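To start, the structure itself, in structure tokens.
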Amino acid sequence: MSKHDNDFVEWRKSGSGRPVGRPPKLTNAHRDFLVKLVDENDTGLTLNQMMESLTTEFMGLEISKSAFHEFAKTKCRISCKRAHFQPEERNNLEKIQLRYDWVKHWESTDLDFESNCVFIDEAGFHINMKRSFAWSKVGTRAVVKTPKTKSKMTTILGAISPFGVVNMKVRTPKVVQSKKRKLGGNKEDERDIDSVKRTVGTVTGHYFNFIANTLDVMDRHEEFKGHYIVMDNAPIHKHKDIKLYIESRGYNCVHLPPYSPELNPIEQFWSVCKSKLKREALLQEETLTSRIKEACNSVLISDLKGFCRYSQKKFDNCLERKPI
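Residue numbers (the UniProt record's numbering): 1 to 324.
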């Protein structure tokens with residue numbers, strides 16, 4: 001075979017380098033528009049609304065719904081998923097600045113989420129907790145039946161560290177009978193305004209006692225000496241006596257900036273515990289306490305370390321003044 005023939009064969013193998021077929025209708029300009037549209041719109045756009053916005057912006061563009069969906073998924077890397085609702089204030093300029101100031105302050109200390117911190121918080125559990133996804137036959141609705149009566153909330157106070165669960169206390173709701181008031185001047189008008197029993201949530205006294213008990217546990221382990229006790233800035237957590245008490249016991253008290261659950265590893269811990277509870281039905285309230293404890297104790301040490309590592313990595317976002 002001659003050199004000319006060899007060159008021709010190589011040309012056929014490699015091709016001319018020119019694109020084959022019709023040019024795509026949707027380009028990088030369309031991709032950039034869609035990504036920006038989704039980023040700036042938090043109302044839950046439908047696929048039809050996204051298509052309408054695109055064709056309005058780019059006059060003359062015609063595209064099928066299936067082709068548009070494929071473009072959004074593969075080229076724009078966007079998909080429809082379960083929405084996570086956040087308070088509007090969470091990532092406003094003031095809260096972002098508070099997180100920046102908080103990280104700048106504590107990065108100059110020896111505070112380290114992965115080695116010398118214990119995280120404390122409370123969470124609510126009830127027997128009617130269900131998964132938000134369920135299986136059913138194709139074309140039928142997935143129905144999960146719930147009891148007619150509303151279940152009482154059980155509060156659990158917890159303390160975790162990168163090395164294990166430090167302390168857990170389940171506090172069953174205390175029932176308070178509402179008082180009667182007179183609606184009129186006559187005795188027969190006396191009625192129970194709030195006839196339904198109500199429950200009392202966690203108050204400062206409960207929280208203070210849990211803190212004291214947690215510090216007692218930590219005192220028995222030398223590796224906890226001088227640790228930071230980290231909690232969010234809920235009003236019952238910021239009582240001045242709590243901070244003074246923690247420091248009097250030889251520990252440090254740290255309050256996270258407001259609206260910053262991503263900075264608190266125990267938030268992820270609660271999420272995992274609740275997901276474990278949702279997997280199996282709870283039939284009796286008296287089984288709830290044991291199931292909560294079982295779920296908490298089944299969380300792996302590697303998971304706890306991962307929670308702490310995840311939250312500490314968010315410090316970079318705070319320093320860059322990014323939303324979290």
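Beta carbons: idealized from backbone N, C-alpha and C, even for Gly.
In this text the structure is predicted, and so the values were computed from the model without any measurement.
Query                                                                                                         : Result
Residue of Y259, S66, N264 minimising C-alpha distance to S161                                                : N264
Short Cβ contact (9 Å threshold) for G164 with I301                                                           : yes
Close Cβ partners of D219 (< 7 Å) along its chain, the five nearest in sequence each way excluded             : none
Cβ separation of P257 and R99, assumed to be a contact under 8 Å, to the nearest whole Å                      : 5 Å
Same chain, Cβ closer than 8 Å to E247, neighbours up to 5 away in sequence not counted                       : C253
CB contact flag (C296, I156, <9 Å)                                                                            : yes
N- and C-terminal bounds of the beta strand (DSSP E) containing H255                                          : 252-255
Per DSSP, the bridge partner or partners of M231                                                              : H255
Exposed unless 16 or more other CB atoms sit within 10 angstroms - verdict on E262                            : buried
G201 to F307 span [Cα, whole Å]                                                                               : Since pLDDT at G201 reaches only 45, below the 50 mark, its modelled position is unreliable, and the value read off the structure follows with that caveat. Taking the straight line joining both Cα atoms gives about 27 Å.
Beta-carbon proximity list for N116, same chain, < 8 Å, skipping 5 on both sides                              : D110, G226, H227, Y228
Expected contact under 8 Å - CB spacing of V38 and L47 to nearest Å                                           : Not a contact, Cβ separation roughly 11 Å.
Residue(s) in a DSSP beta bridge with I160                                                                    : F119, V165
Endpoints, alpha helix (DSSP H) assigned at C318                                                              : 301-319
Contact check, V35 vs I63, beta carbons under 9 Å                                                             : no
Presumed contact (8 Å Cβ cut-off) between E114 and Q312, rounded CB distance                                  : 6 Å
Residue range of the alpha helix (DSSP H) that includes M59                                                   : Taken as a continuous stretch (DSSP letters only), M59 belongs to no alpha helix (DSSP H), as it is neither H nor E.
Where A212 sits in the DSSP three-state scheme                                                                : helix
Residue from Q86, F224, K238 whose Cα sits closest to the Cα of F208                                          : K238
Own chain partners of L215 with C-beta closer than 6 Å, once the 5 adjacent residues on each side are dropped : R249
When K81, R31, R82 are compared against F58, the one with the closest alpha-carbon                            : R31
Residues bridged to G44 [DSSP beta-bridge criterion]                                                          : None; G44 has no bridge partner.
6 Å Cβ shell around A159 - same chain, five flanking residues per side excluded                               : V118, I120, V166, N167, T214
DSSP-derived helix/strand/coil call for R291                                                                  : helix
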